[in-house]
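Shown next, in structure tokens, is the structure this report addresses.
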Amino acid sequence: MRDIKSEVEIRRMTVEDIRSVKKIEAECCLAPWSEKDLSAEPGRDNSLSFVAEFEKEIVGYILARLITTENAETKNNESPYNYANAKKSCKIGNKKSFTKKENGETETENEIEIYNIAVTGKYRRRKIGEKLLNEVLQTAKHLKKTIWLEVRISN
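If you read the sequence shown in this note's numbering, its first letter stands for residue 188, the second for the next number, and so on.
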């Protein structure tokens, strides 16, 4: 298997990438986002969504968003991701990222949430997913943010 990691370009997702992202999403059996929601993602101020491109083909993607206290409870921050199957949270980082209010509700501080990461089958086991994740990790480090990844128990 040829090492292509250094040849894979990680770049911001654009509207032109949505068709390819939807194909990868279907192939990987991820909780589907609507085409409308995916198409809006590149234009969002808080979007940290990237694609992996190899030889002019989109071979992977990561969908993430910056969530802040100021906009955590607005529709602007709602995820199109279906949380029904997300039962377990994994935190990457060492900073407490939420606090309990007096009424028991959770108040979000500044954080980055990863919604989906996927690589097409043909290009798996070539560290492309790692490269995508590192792009978001570097952004988090630069912005001094904590990252959350919610996963299904079966994952």
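All residues carry an ideal CB built from backbone N, CA and C; glycine is no exception. All values derive from a computational prediction rather than experimental measurement.
By the neighbour-count criterion, in which 16 or more other beta carbons inside 10 Å mark a residue as buried, D204 falls on the buried side. Beta-bridge analysis with DSSP links Y248 to V238, A305. In this structure, the straight-line span from the alpha carbon of R313 to that of I254 is close to 30 Å. Ranked by how close their Cα comes to the Cα of R189, the residues Y302, F241, A251 have F241 in first place.
Inter-residue distance for Y248 and A305 is about 6 Å (C-alpha atoms, whole angstroms).
By alpha-carbon distance to A251, the top candidate from I340, V323, K328, K331 is V323. Exposure of V338 is indicated by the presence of fewer than 16 other C-beta atoms within 10 angstroms of its C-beta. One thing to note: V238 has its Cβ within 9 Å of the Cβ of V208.
Sequence-distant partners of K223 (beyond 5 residues in either direction) whose C-beta falls short of 6 Å from its own C-beta are missing from its chain. For R199, the enclosing beta strand (DSSP E) begins and ends at 196 to 199.
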